[in-house]
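A quick write-up on the structure given underneath.
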Amino acid sequence: MAQLKAEAAVSGYWGAHKDNTSIHVYTGVPLSDLLADVGGLPSGKGLRITASDGFTCDYEPWRLDAMTNGTYQMWDCNGTLVTWADDIETTGSVLMVVAYAIDGGPLPTSGEGAGPLRVVLIQDNQNMLTEGKYSPYLVKSIVVR
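Residue numbering for the sequence shown follows the numbering used here, starting at 404 and increasing by one per position.
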């Protein structure tokens with residue numbers, strides 16, 4: 404954890420579509436920076452993120468491309484977190500981050516969103532939501548595949 408926190412950190416907003424309970428500010432290190440330290444992500448390759456509870460999340464190459472080219476699927480909640488049925492579907496850019504902090508403190512130690520690490524897709528707009536299944540928590544490994 405000390406090595407991760409020694410890297411240049413970024414912060415941004417993330418909330419889960421269809422959860423709409425809250426949007427938080429996450430802090431961590433861009434996954435692209437960590438991958439660059441080990442040679443980068445080869446063209447046409449995806450990622451598999453595995454959580455300590457066995458949950459796996461696969462990011463196909465097209466999904467990774469969409470994150471940076473402005474075509475990643477997201478929803479605008481218009482500042483209301485009442486019901487996800489009112490969210491407006493749109494697209495935009497997100498930054499995949501290996502997060503170690505939420506709202507200025509550590510990730511929770513148990514339950515939904517538990518740490519010590521979580522992958523989140525942050526952005527500057529506090530009204531935008533992305534699919535929660537692509538922001539796994541309890542992250543144990545990230546593999547290029």
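For each residue, glycine too, the CB sits at the ideal point set by N, CA and C.
query: 6 Å CB neighbourhood of I426 in its chain, flanking five on each side removed; result: Y416, G418, Q529
query: For V432 and A454, believed in contact at Cβ under 8 Å, the rounded distance; result: A454 to V432, Cβ: 18 Å. No contact.
query: Limits of the unbroken beta strand (DSSP E) element including L498; result: 498–505
query: Minimum length 3: unbroken beta strand (DSSP E) runs contained in the region 430–461; result: 450–454
query: Distance CB(G518)-CB(P509) smaller than 8 Å; result: yes
query: Beta-bridge partners of T533, as assigned by DSSP; result: A419
query: P519 in three-state terms, based on DSSP; result: coil
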